[in-house]
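Q: Residues in the sequence shown are numbered from -9 upward in steps of one, following the numbering used here. Just so it is clear, CB atoms sit at the ideal spot from N, CA and C, and this is done for glycine as well. Nothing here was measured: the structure is a model prediction, and the numbers come from that model. Have a look at this one before I ask anything.
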Amino acid sequence: MQSTATLVAPPGRATQRRPRRGLVLGIILAVQLMVVLDATIVNIALPDIAGALHFSPANLSWVITAYTLAFGGFLLLGARAGDLLGRRRVFIAGIALFTAASLLGGVAPWSGWLLAARALQGVGGALAAPSALALLMTMFQDGQERVRAIGWYTAVSIGGGAIGLILGGLLTQWASWRWVLFVNVPIGLVVIVLARRLLTETPSRNGHFDVRGALTSTIGVTALAYGFVRAATSGWGDAITMVAFATGLALLATFVVLERRALEPITPLRLFADRSRSASYVARLFLTAGMFGMFFFLTQFLQEVLHYSPLETGLAFLPFTVALFSMSQLSARGLVQRFGAKPVMVVGFSVSTIGMLLMTQLSATSSYLSLLAPLMLFGAGNGLAFVPLTSTSLSGVLQEDAGAASGLVNVMQQLGGALGLAVLISVFGTAARGAALQSVVAARETFVVGADHAFIAATVFVSATVLVLAVAIRGRRAAARAAAVPSWVRDLDSTPTALVES
């Protein structure tokens, strides 16, 4: 194991230091890519997975939800573990679990096995991801060097989803759907070996784990998601559906009580005391609720209705990613400083809403040209609004709450996506059942009817994002907050621009 002194050697040893730092950065970027990529890489393989492991259309969503719920639910606990036990130790343990779970998922003989492996992947990602970013901030402390390192980190975070879609298409078409999971195994093994040799350990310290908070929140949200998915196939009056909703609400209420009393809560409730910050959390929840569902149904629409190959499906999402990345740079270059955070967010997500609304016009005879404008509008709108939305979520946070506030942004994103997808599955199932009762409607058209209703629900979620931001955030206050965010937040938000300019 390399000592800290080796990593911060005097100028005479710069030639030895930089290759090591380059490897350290490579390790961290590889882990971030794996974690981000795994949220999308399986999307393209969903039709093949459904056929091989006999998933129903409703239960297929759990291939995505199992990962996002576990990742979001244990993310703050993973960050806490790194603080208390040492970030290098927790980082390696998380990657080891993620790698083992990927192998188990790749050999899955039935659906339950795969879902359990996906949940374990999420837990592994939740352990590794917070420590990865913390180690990056520790290893790269010089101003410009840190900005460039975070720039690469941000670029991987933004582009990882698109890479996952394209790589998922390649692996599914040229090998098998199982390779969307197997691909993590060699990368994970290399990362573990290099991490043990190159990363330095941070000191451990005494403290408490809020395990009860993590379990009640995660199981509570999972129960709600199960209730929505169950309703898609068994109806809203089903006894198990109602028990799932009751259990979920009871556990989430218990979570709030526990967090109010905990000495070291996993989610400090004081973070919600600020109106603008709370609004940004709720807005992110609604946004990802619509966005995750859009990816889920649009992926299947391209393959099942337009008969695209897996690779063609992955490439079809490129306009979304290009628009997202381009507009995020434009936003970071000065739109927020010139117009204020609130106007940029409201305009950005209004554009996203228009893009989502256009998707409700898709039919069994639609072509890719019908999708191009909605994808570009949705990507451009999100790109404009993401920077000020993140700044609003993190600005004004006390230093001791910085880790929890940063983690909570990702938690809201993951849990919002999981719950939103569950709601859209319920909407899809109800509409598809109604269409199936008409014997003249073909199976393909039944899917289109269900997906159309799901896109309408997704549009409602995204438009709710605009409404929350327009009503709950005051313009002048939001602009002042965006200008006064801590330096560590400004570094994160400016990194796409810094990366391009470097």
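(1) With DSSP as the reference, label A469 as helix, strand or coil.
(2) Would you grab the beta carbon distance between L352 and A363 for me? Rounded to a whole angstrom, and I think it's under 8 Å.
(3) What does a CB cutoff of less than 8 Å around I182 pick up in its chain, not counting 5 residues either side in sequence?
(4) Pull up the CB-CB distance for G178 and S92, whole angstroms please, since I reckon it's below 8 Å.
(5) Give the straight-line distance between the Cα atoms of T190 and L23, rounded to the nearest whole angstrom.
(6) Nearest by alpha-carbon distance to S194: which of R78, T208, P378 and L411 is it?
(7) Using the Cα positions of E135 and T212, report the straight-line distance between them to the nearest angstrom.
(8) Do you know offhand how far V32's Cα is from A69's?
(9) Flag this pair as touching only if the region 55 to 65 and the region 196 to 212 have three or more C-beta atom pairs under 8 Å; answer yes or no.
(10) Which word fits P99, buried or exposed, when buried means at least 16 other C-beta atoms lie within 10 angstroms of its C-beta?
(11) Indicate the three-state DSSP secondary structure (helix, strand or coil) for F51 in the structure shown.
(12) Alpha carbon to alpha carbon, how far is G280 from V450?
(13) So which of T162, A119 and G112 has the shortest CA-CA distance to A40?
(14) What is the DSSP secondary structure of R10, counted as helix, strand or coil?
(15) How would you write the range of the alpha helix (DSSP H) that V387 sits in, first residue to last?
(16) What do you get for W164, buried or exposed, if any count of 16 or more other CB atoms within 10 angstroms of its CB means buried?
(17) So what does DSSP say about Y271, is it helix, strand or coil?
(18) Answer yes or no: do L242 and L275 have a C-beta to C-beta separation smaller than 9 Å?
(19) Does the Cβ of R466 have 16 or more other Cβ atoms within 10 Å, making it buried, or fewer, making it exposed?
(20) Between which residues of its own chain and V336 is the CB-CB distance below 7 Å, once the five residues before and five after are set aside?
(21) Here's a check: name, in chain order, each residue in its chain whose Cβ is nearer than 6 Å to the Cβ of M284, leaving out the five neighbours to either side.
(22) Using three-state DSSP, classify A91 as helix, strand or coil.
(23) Smallest Cα separation from G419: which of I17, A35, S46 and V113?
(24) For P300, count the other beta carbons within 10 Å of its own beta carbon; 16 or more makes it buried, fewer makes it exposed. Which is it?
(25) For A221 and L126, I'd like the C-alpha separation in whole angstroms.
(26) When you compare each of S357, G304, V334 and M129 to L296 by their alpha carbons, which one comes out closest?
(27) For R328, count neighbouring Cβ atoms within 10 angstroms of its own Cβ and tell me buried if that reaches 16, exposed if not.
(28) Taking the alpha helix (DSSP H) that L239 falls in, what are its first and last residues?
(29) If we count the other Cβ atoms within 10 Å of its Cβ and call it buried at 16 or more, is V53 buried or exposed?
(30) As a quick exercise: from G197, A48, W103 and A370, pick the residue whose alpha carbon is nearest that of F437.
(31) If contact is defined by three or more beta carbon pairs under 8 Å, each pair taking one atom from either stretch, is the region 308 to 321 in contact with the region 365 to 373?
(32) Does I230 pass the burial test, meaning 16 or more other C-beta atoms within 10 Å, or should it be called exposed?
(33) To the nearest angstrom, report how far apart Q293 and F307 are at their CA atoms.
(34) In whole angstroms, what is the alpha-carbon distance linking L27 and F172?
(35) What residue from R11, L104, V246 and L155 has the CA that sits closest to R138's CA?
(36) Does the beta-carbon distance from Y57 to A20 come in below 9 Å?
A: Reading from the atomic positions:
(1) Position 479 of the sequence shown, counted from the start, is the residue given in the question as residue 469. Residue confidence is low: A469 scores 46 on pLDDT, short of 50, so the model does not pin down where it sits. No coordinate-derived value is stated.
(2) Here residue 352 refers to the residue found at position 362 when the sequence shown is read from its first residue. Here residue 363 refers to the residue found at position 373 when the sequence shown is read from its first residue. Not quite, the Cβ-Cβ distance comes to about 12 Å (not below 8 Å), so this is no contact.
(3) Reading the sequence shown from its first residue, position 192 is the one you call residue 182. Excluding the 5 residues flanking it on each side, I182 has same chain C-beta neighbours closer than 8 Å at I82, I85, A86 and T89, in chain order.
(4) As a working mapping, residue 178 is identified with position 188 in the sequence shown. As a working mapping, residue 92 is identified with position 102 in the sequence shown. That belief holds up - the Cβ atoms of G178 and S92 are roughly 7 Å apart, short of 8 Å.
(5) Working through the sequence shown from its first residue, we reach residue 190 at position 200. Working through the sequence shown from its first residue, we reach residue 23 at position 33. Roughly 21 Å separates the two Cα atoms.
(6) Along the sequence shown, read from residue 1 onward, the residue named residue 194 stands at position 204. Out of R78, T208, P378 and L411, the CA that lies nearest to the CA of S194 is found in R78.
(7) By 1-based counting over the sequence shown, the position of residue 135 is 145. By 1-based counting over the sequence shown, the position of residue 212 is 222. Taken atom to atom, the span from the alpha-carbon of E135 to that of T212 is near 41 Å.
(8) The count along the sequence shown starts at 1 and reaches residue 32 at position 42. The count along the sequence shown starts at 1 and reaches residue 69 at position 79. If you take the alpha carbons of V32 and A69, they lie about 26 Å apart.
(9) Contact holds between the region 55 to 65 and the region 196 to 212, because three or more Cβ pairs, one in each stretch, are under 8 Å apart.
(10) Here residue 99 refers to the residue found at position 109 when the sequence shown is read from its first residue. By the 16-neighbour rule on beta-carbons within 10 angstroms, P99 is exposed.
(11) Here residue 51 refers to the residue found at position 61 of the sequence shown. At residue 51 the sequence reads Ser, which differs from the Phe that was named. Correct three-state label for S51: helix.
(12) As a position in the sequence shown, residue 280 is number 290, starting the count at 1. As a position in the sequence shown, residue 450 is number 460, starting the count at 1. Using only the alpha carbons, I get a separation of about 8 Å.
(13) Along the sequence shown, one-based indexing puts residue 40 at 50. Answer by Cα proximity: T162.
(14) Along the sequence shown, one-based indexing puts residue 10 at 20. Residue state, collapsed to three classes: helix.
(15) Numbered from its first residue, the sequence shown carries residue 387 at position 397. No alpha helix (DSSP H) contains V387, which DSSP labels as neither H nor E.
(16) Translated into positions along the sequence shown, residue 164 becomes position 174. Using a 10 angstroms sphere on the CB of W164, the tally of other CB atoms stays under 16, which defines it as exposed.
(17) Taking the sequence shown and counting its residues from 1, the one referred to as residue 271 is at position 281. Reduced to three states, the DSSP call for Y271 is helix.
(18) Walking along the sequence shown from the start, residue 242 turns up at place 252. Walking along the sequence shown from the start, residue 275 turns up at place 285. Not closer than 9 Å, so no.
(19) Looking up residue 466 in the sequence shown gives position 476. In this predicted model, R466 has a pLDDT of only 49, less than 50, meaning its place in the structure is not dependable; the value taken from the coordinates is given anyway. By the neighbour-count criterion, in which 16 or more other beta carbons inside 10 Å mark a residue as buried, R466 falls on the exposed side.
(20) As a working mapping, residue 336 is identified with position 346 in the sequence shown. V456, L459 and A460, listed in sequence order.
(21) Along the sequence shown, one-based indexing puts residue 284 at 294. Cβ-Cβ distances below 6 Å link M284 to A448 in the same chain, with the five nearest sequence neighbours on each side left out; the list follows chain order.
(22) Here residue 91 refers to the residue found at position 101 when the sequence shown is read from its first residue. Here A91 sits in helix by DSSP.
(23) Within the sequence shown, residue 419 is the residue found at index 429, counting from 1. Closest option to G419, Cα to Cα, is S46.
(24) Counting from 1 along the sequence shown, the entry for residue 300 is found at position 310. So P300 ends up on the buried side.
(25) Within the sequence shown, the letter at position 231 stands for residue 221. Within the sequence shown, the letter at position 136 stands for residue 126. Roughly 44 Å between the two C-alpha positions.
(26) Numbered from 1 along the sequence shown, position 306 holds the residue referred to as residue 296. Per the Cα distances, S357.
(27) As a first step, residue 328 is located in the sequence shown; it is residue number 338 there, counting from the start. A residue is called buried when at least 16 other Cβ atoms come within 10 angstroms of its Cβ; R328 does not meet this threshold and is exposed.
(28) Locating residue 239 in the sequence shown gives position 249, counting from the first residue. From DSSP, the alpha helix (DSSP H) with L239 extends over A229 to R251.
(29) Here residue 53 refers to the residue found at position 63 of the sequence shown. With 16 or more other Cβ atoms inside 10 Å of its own Cβ, V53 counts as buried.
(30) For the purposes of this step, residue 437 is identified with residue 447 of the sequence shown, where counting begins at 1. Among G197, A48, W103 and A370, the Cα nearest to that of F437 is on A48.
(31) Contact holds: three or more Cβ-Cβ distances are below 8 Å.
(32) Walking along the sequence shown from the start, residue 230 turns up at place 240. Counting of Cβ neighbours within 10 angstroms places I230 among the exposed residues, the total staying below 16.
(33) Translated into positions along the sequence shown, residue 293 becomes position 303. Translated into positions along the sequence shown, residue 307 becomes position 317. Roughly 13 Å between the two C-alpha positions.
(34) Along the sequence shown, read from residue 1 onward, the residue named residue 27 stands at position 37. Along the sequence shown, read from residue 1 onward, the residue named residue 172 stands at position 182. Taking the straight line from one Cα to the other gives about 13 Å.
(35) Locating residue 138 in the sequence shown gives position 148, where the first residue counts as 1. The option with the nearest alpha carbon to R138 is R11.
(36) In the sequence shown, counting from the first residue as 1, residue 57 sits at position 67. In the sequence shown, counting from the first residue as 1, residue 20 sits at position 30. Cβ distance not < 9 Å, so Y57 and A20 don't count as in contact.
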